[in-house]
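A short worksheet on the structure shown next.
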Amino acid sequence: DASSYNSELLAAFTGHATPTVVFDSMDTQTAATLFSNAQSLGYMTNTVWIGDDLQSAPQGDYAKSFGPTASTNLVAALPATPTTANGAYNHFLSDYQAVWKTTSIIPTTFNEYDSIVIASLAMTAAKSTDPKVWVKYIKTVSNPPGTSCGTYAGCLALLKHGKKIDYNGAAGNDNFNKYNNVFSGFQMLGFTPSLNNKLDGYITPEQLAAVVAKGG
868 DASSYNSELL
878 AAFTGHATPT
888 VVFDSMDTQT
898 AATLFSNAQS
908 LGYMTNTVWI
918 GDDLQSAPQG
928 DYAKSFGPTA
938 STNLVAALPA
948 TPTTANGAYN
958 HFLSDYQAVW
968 KTTSIIPTTF
978 NEYDSIVIAS
988 LAMTAAKSTD
998 PKVWVKYIKT
1008 VSNPPGTSCG
1018 TYAGCLALLK
1028 HGKKIDYNGA
1038 AGNDNFNKYN
1048 NVFSGFQMLG
1058 FTPSLNNKLD
1068 GYITPEQLAA
1078 VVAKGG
């Protein structure tokens, strides 16, 4: 952590069009220093600063260090809680609660959960634990066409009966595109004047996919 980020801020904000949005991910100590520098340079009123889940806590250190414009210029982008028709998210939540004794999940854990399930199903479909072999089966078990399934046990039963499956998991449909990427929705959390969270917006997986498809 540096004692000042004035030079970096000046390089970003001067000599060309002033940024209307800044995406950031940093620890609390860095944020406190950088936000203080940005305040002194006047960069906190005309620019929206978008951080990640670390920045989202109500009454948190990030929001407090941002200063008086946190309610208008500070946003945190978090993976949105999915809604799945096949009950996959609720199944994940039940498993999570059984292990951690809470339903307040850490952001992105449902994505990580799905990655483990998909890898396990790919190994089963490939009849191999060799990564060079089963990696070729990831899309086979996660993308359509196939019988939709949302739990490891349910999908495994279908595979054992020779069925082509389409895993739709806790994070959503888990359909990989041609770049081997999967999109989840994001909720954009802002802050009230008292630094409590408020929902400023929601970005759907389809909207993200459309931007990427256009080369955005």
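Be aware that the sequence shown starts at 868, since it is given in our numbering, and climbs by one per residue.
C-beta atoms are modelled at their ideal positions from N, C-alpha and C, and glycine is treated no differently.
CB contact flag (residue i, residue j, <8 Å)
{"i": "Ala-869", "j": "Thr-900", "result": "yes"}
{"i": "Asp-1033", "j": "Thr-1014", "result": "yes"}
{"i": "Val-889", "j": "Leu-1056", "result": "no"}
{"i": "Gly-1039", "j": "Ser-1051", "result": "yes"}
{"i": "Ala-1037", "j": "Phe-959", "result": "yes"}
{"i": "Thr-975", "j": "Pro-946", "result": "yes"}
{"i": "Ala-937", "j": "Phe-1058", "result": "yes"}
{"i": "Asp-920", "j": "Asp-981", "result": "no"}
{"i": "Trp-916", "j": "Asp-894", "result": "no"}
{"i": "Phe-977", "j": "Pro-949", "result": "yes"}
Residue nearest to residue i in terms of C-alpha spacing, selected from the options
{"i": "Phe-880", "options": "Ser-892, Asn-913 and Thr-895", "result": "Asn-913"}
{"i": "Ile-872", "options": "Asn-904, Gly-882, His-883 and His-1028", "result": "This sequence places Tyr at residue 872; Ile is not what is there. Checking every option, the nearest Cα to that of Tyr-872 belongs to Asn-904."}
{"i": "Gly-918", "options": "Thr-936, Ala-944, Val-1008 and Asn-1010", "result": "Ala-944"}
{"i": "Thr-939", "options": "Lys-1081, Asn-1063 and Thr-970", "result": "Asn-1063"}
{"i": "Lys-1045", "options": "Ile-1070, Val-1079, Pro-1072 and Lys-1027", "result": "Val-1079"}
{"i": "Leu-908", "options": "Gln-926, Gly-927, Thr-885 and Gln-896", "result": "Thr-885"}
{"i": "Ala-992", "options": "Ile-973, Thr-970, His-1028 and Gln-964", "result": "His-1028"}
{"i": "Asn-1047", "options": "Gln-906, Ala-1076 and His-883", "result": "Ala-1076"}
Bridge partners - residue i, DSSP secondary structure assignment
{"i": "Val-889", "result": "Trp-916"}
{"i": "Asp-1033", "result": "Ser-1015"}
{"i": "Leu-1056", "result": "Ala-943 and Leu-1066"}
{"i": "Gly-1039", "result": "Gly-1036"}
Proximal residues to residue i (C-beta, below 6 Å), its chain only, five neighbours per side dropped
{"i": "Tyr-929", "result": "Ala-898 and Gln-922"}
{"i": "Ala-989", "result": "Trp-1001, Tyr-1004, Ile-1005 and Val-1008"}
{"i": "Ser-1061", "result": "none"}
{"i": "Phe-902", "result": "Ser-932 and Phe-933"}
{"i": "Ala-1071", "result": "A small fix is needed here, since residue 1071 is Thr in this sequence, not Ala. Correct list, in chain order: Gly-1052."}
Close Cβ partners of residue i (< 7 Å) along its chain, the five nearest in sequence each way excluded
{"i": "Leu-1066", "result": "Gln-1054 and Leu-1056"}
{"i": "Ala-955", "result": "Gly-1017, Thr-1018, Asn-1035, Gly-1036 and Ala-1037"}
{"i": "Tyr-910", "result": "Leu-876 and Phe-880"}
Cutoff 8 Å; reference residue i; Cβ partners in own chain excluding five residues on either side
{"i": "Cys-1016", "result": "Asn-953, Cys-1022, Leu-1025, Ile-1032, Asp-1033, Tyr-1034 and Asn-1035"}
{"i": "Phe-1043", "result": "Ile-1005, Lys-1006, Ser-1009, Asn-1010 and Val-1049"}
{"i": "Thr-887", "result": "Asn-913, Thr-914 and Val-915"}
{"i": "Ile-972", "result": "Leu-960 and Tyr-963"}
Can you list, in chain order, the stretches of the beta strand (DSSP E) that have 3 or more residues and sit fully within the segment 943–1024?
-> 1014–1016
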